[in-house]
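Numbering follows this note's numbering, with no gaps: position 157 of the sequence shown is 559.
C-beta: ideal position from N, C-alpha, C; glycine also.
Notes to accompany the following structure.
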Amino acid sequence: MLANVEELLQNREVVISIAHQLLPRDYLVFQRTSRSVSKALAERDQEYWVWKLKRMGLVEGHGEQGIAGTPENAVLYIFDEIRQFKPEDALDVYKRFHACFWPFMNKLYGKQLQGIFPVEYSDPLLKARLLGNLERFNRCNSNCRIFYDAVEQVIQTLRDEFKANVTKELERLYGMGAYTGASMYVDVLSILDEQQVAVDLFLEKSKYEDGGMMKDSAVFDLEKSTIDIESLNAVYKHFISELNKRIAVADAMFGSKCSVIGSFSEAFLEEVVVGYVKEVLDGEFETASGVFGARSRLEYFPIVYRRLMEVLAADVADSASAGPDFKKNLQQAAAKLLQPVADRYLTVVVQEFDLSLKDEFVRFADETQRREALRNEQLYQSLRSKVDSQQLLDEKNNFLLSFTRMLKLSASARQEEEQLQLAYDFSRLNDNLENMAALVSVDLCYQSVNACRRRFEDLELLRDDAAVAASVAVNRTCEALYRVLLERLAGDHVRPGFERALDLLRAYNPQDVSKLDAALGPAERELEPLIKFVELINIADIILQMVTIFYNNELVGKNVVSRHNDFLNAVVHEKRAFETALDDFVAEGLNIGINKLMDEIVFVFGSNQLPDDFNPEAGSVMKREIKPSKCARMIVELLSNHCFLLTGATDKGTIDVFQQEVGERFFNEVVKNIKKNIISTEGAIFLICDLNYYYDFIANKLRQKQIVPLFAGLKAVGQIFLVSNKDSKELGKMICDVGKFQGIFTQEEIYEFVQRRADWSRVRKDVERVMYGLAVSDCIIM
């Protein structure tokens, strides 16, 4: 048997394995067992002592060895003094630790606990340090499990008893409010690495309970369905006051040794503050005007959020244990907790804005219809009363500003009813025309734009360092709000208003008034619909300016839309669609207005251009003053009253197009009028006066260069009627000279004019011979 043992001890690896499982004293004895053992261990001796020091937490290095001996208090502070060692000095360093702690190890192993803690170590801090050092030293004995486990069990028993006593004292001091005194016991627990006990105690004692007080604190004014900022501030102040109390307690107890307040504050924020915010934004309340629901209250989220951020930054107390970024971290935590609410808000705010605009425009449309119906009823009753009192036939009608002194009707009952209906129809039309500008409300559009701007401002409250909502998401929401604004303005307000206005323009027909006094002055007979439509154009221009300024300032100016000329951008597309719709309405209205103006011109030509204006009776020419006819004067005044209506109401390009279109169509009506009249050589001078009068208006007042040549050509046409029938061949030559007429008319068109000469039958033969080389009478049917 002994031989077998000696044989084993000859094995170097076996020797080293056995040695590394022995306590220091046994190791030294084993080392002296035999020469072979001694030799084997000598090569690895340093490794044994280095391992033990490392198990105690020391590290290899070149620092000072600390204390040179083992003073009385070395058991408490030796780990502070010696933290590094040189491998070659490992045995010497270990001896110092062994000298300090081995007497305790023997007592602990033998469970000799009486007087284990000397009197001088009765201070809880020193006792905690001693326990901690004993446990730390015992780690180097872990290679001998029996000894290590026995000692560790006893240390844990002592530690548990000590921790229980410390915890009890800590609770007593906390209950007394002696937080500074409790701080020492927090230090004791920290030395034992049991600071979580103190943290748990603080968390348990710091739970917030308001007894339902906060639930009774209404931050919304249910009567007005709005938020009460003062109440909101009071609630936040209360919460932050409670948090600050706990911060003061934590700082007194933990100081900077334990960062308990950071995690506690975030938990307090989540459970108390954010929990309350979510509760008040999610519930529903009955009000006098209906249910003030979560969707309506969610619109106030930016205000609730921003005020919370401000309170956290301004009113939360600084904490020694939370670090310099404490408040910023709280803001970021609050933002993260409220992000789901912010996401819902970004969706709901667009939907609610859409519904609110829709309701406002429906309410406006209903109110407009109601007022119109009321006016129509009052109008009918007024006219009915006049008929019943026999006043209708005696008074000058005032129901259509452009038609007065009209319809002298008989007083029979049947005619009175017809008279009443006609008067009512014209009065209603006139009333609607008078109120055409009210079809689109600048004030309502301004309120809508402002409502959009307020939501933009609310959204800006969500842009901050805490980033409760990503900037991209806020931008998308702003874009969506602006699109909703344009869609509702166009679809629910501007479009219906302009369509109604266009219907009124189409309904107006001066030719329906067949008995209008032809002598009525042109100034009194302005085309009321066109004038009122110009007012509507002014309103449309103001609305367009509002949405454009808003776009430039709030979207482009604040980088919500980075590339405002990007045709793929939905906002740009919607804005251009809105502008195009307005332009189309304006163009259609002006076209209808021009049609009505031309109808009026035709009417004036038909009713005031007398047959003898250009074909006077023989001998009457000498008695007439050479000046433009009454018809020409009426028409030019009519044109003057309407060609400049758009000045100041829209851009110059639109004005030019309008005036050019009026000029071109007026030119055509003048041509038609010439072709309808018989013109004598004596009457040609009066035709030329009219044509010169027209030319002067176009060239010197309207000043549209594109159409001046048209009327210059008309002036030249007047010359063909001055040529005497004795010079018929000369007349034919004039017709062939197309350049004489500014290139406006072809030879065939000039030929048509010449046919309106009173002496056409007399000059026809010579004219045609000059034009064609022979006259029609020269042709023979074979």
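Mapping the DSSP letters down to three states, classify residue i as helix, strand or coil.
i: Thr-1083; result: coil
i: Glu-522; result: helix
i: Arg-927; result: Residue placement at Arg-927 is poorly supported in this model, since its pLDDT is 44, which falls under 50; the coordinates still yield a value, given next. Helix at Arg-927.
i: Thr-749; result: helix
i: Lys-994; result: Going by the sequence as given, residue 994 is Ile instead of Lys. Note: Ile-994 maps to helix in three-state DSSP.
i: Tyr-496; result: helix
i: His-895; result: helix
i: Arg-1166; result: helix
i: Asn-961; result: coil
i: Ser-435; result: The identity of residue 435 in the sequence shown is Thr, whereas the question assumes Ser. Three-state result, Thr-435: coil.
i: Asn-971; result: coil
i: Val-988; result: helix
i: Asp-796; result: Legend: pLDDT at Asp-796 = 48, less than 50; position of this residue unreliable, no value from coordinates given.
i: Pro-1013; result: helix
i: Arg-865; result: coil
i: Ser-721; result: coil
i: Ala-530; result: helix
i: Val-417; result: helix
i: Thr-879; result: helix
i: Pro-704; result: helix
i: Glu-937; result: helix
i: Ala-775; result: helix
i: Glu-1019; result: coil
i: Val-1172; result: helix
i: Thr-1148; result: coil
i: Asp-727; result: coil
i: Leu-802; result: Reliability of the predicted coordinates at Leu-802 is poor, the pLDDT of 40 falling under 50, and no value is obtained from them.
i: Gly-1008; result: helix
i: Gln-741; result: helix
i: Asp-684; result: helix
i: His-422; result: coil
i: Glu-611; result: coil
i: Asn-535; result: helix
i: Gly-664; result: helix
i: Gln-516; result: coil
i: Val-676; result: helix
i: Asn-954; result: helix
i: Asn-475; result: coil
Mind reading off the beta-carbon distance from residue i to residue j? Whole number of angstroms is fine, and I expect it under 8 Å.
i: Val-751; j: Lys-680; result: Val-751 to Lys-680, Cβ: 17 Å. No contact.
i: Ile-1122; j: Phe-1147; result: Not confirmed; about 10 Å, so no contact.
i: Leu-528; j: Arg-561; result: Actually they are not in contact, since the Cβ atoms of Leu-528 and Arg-561 sit about 15 Å apart, beyond 8 Å.
i: Val-844; j: Ile-945; result: 7 Å
i: Leu-343; j: Phe-670; result: Since the first and last residues shown for the chain are 403 and 1184, residue 343 lies out of range.
i: Ala-1034; j: Tyr-1097; result: Not quite, the Cβ-Cβ distance comes to about 11 Å (not below 8 Å), so this is no contact.
i: Leu-904; j: Glu-990; result: 6 Å
i: Glu-762; j: Glu-701; result: Glu-762 to Glu-701, Cβ: 15 Å. No contact.
i: Val-706; j: Leu-683; result: 7 Å
i: Phe-1143; j: Glu-1071; result: The Cβ separation is near 18 Å, so there is no contact.
i: Val-590; j: Pro-526; result: 5 Å
i: Ala-476; j: Cys-502; result: 5 Å
Please name the residue or residues paired with residue i in a DSSP beta bridge.
i: Glu-462; result: Phe-487
i: Ile-629; result: Phe-622
i: Arg-1187; result: A question about residue 1187 goes unanswered here, because the residues of the chain that appear run from 403 up to 1184.
Quiz item: Between the segment 1013-1031 and the segment 1070-1089, do three or more beta carbon pairs fall short of 8 Å?
Solution: yes
Exercise. Would you be able to state if there are at least three C-beta pairs under 8 Å between the segment 496-512 and the segment 547-556?
Key: yes
Quiz item: Can at least three beta-carbon pairs, one atom from the segment 534-547 and one from the segment 572-580, be found at a separation below 8 Å?
Solution: no
Quiz item: So does the segment 702-716 actually touch the segment 755-774, counting three or more Cβ pairs closer than 8 Å?
Solution: no
Quiz item: Any contact of the segment 1032-1043 with the segment 1106-1126, i.e. 3+ C-beta pairs under 8 Å?
Solution: no
Exercise. Just list the alpha helix (DSSP H) runs in the segment 1025-1057, keeping only unbroken ones of 4 residues or longer that don't cross its boundaries, in chain order.
Key: 1032-1045
Quiz item: Counting Cβ pairs, one atom from each stretch, are 3 or more of them under 8 Å apart for the segment 904-912 and the segment 1013-1023?
Solution: no
Quiz item: Mind pulling the alpha helix (DSSP H) runs of 4 or more residues that sit fully within the segment 1086-1140?
Solution: Scanning the segment 1086-1140 from its first residue to its last, the whole alpha helix (DSSP H) runs of 4-plus residues come out as 1086-1098, 1110-1121 and 1130-1138.
Quiz prompt | Complete runs of the alpha helix (DSSP H) confined to the segment 578-603 [at least 4 residues] | solution = 581-593
Quiz item: Quick check: the segment 720-739 against the segment 661-678, are there 3 or more CB pairs under 8 Å?
Solution: Yes: the two stretches touch, three or more of their Cβ pairs being nearer than 8 Å.
Quiz prompt | Contact the segment 875-887 vs the segment 851-860: 3+ CB pairs below 8 Å | solution = yes
Quiz prompt | Given 8 Å, three or more beta-carbon pairs between the segment 481-500 and the segment 515-528 | solution = Judged by Cβ distances under 8 Å, the segment 481-500 makes no contact with the segment 515-528, as fewer than three pairs qualify.
Quiz item: For the segment 1098-1109 against the segment 1063-1080, are there 3 or more C-beta pairs whose distance is under 8 Å?
Solution: Segment contact: the segment 1098-1109 against the segment 1063-1080, three or more CB-CB distances shorter than 8 Å; contact assigned.
Quiz item: Quick one: complete beta strand (DSSP E) runs, 3+ long, within the segment 539-564?
Solution: Counting only runs of 3 or more, we get nothing.
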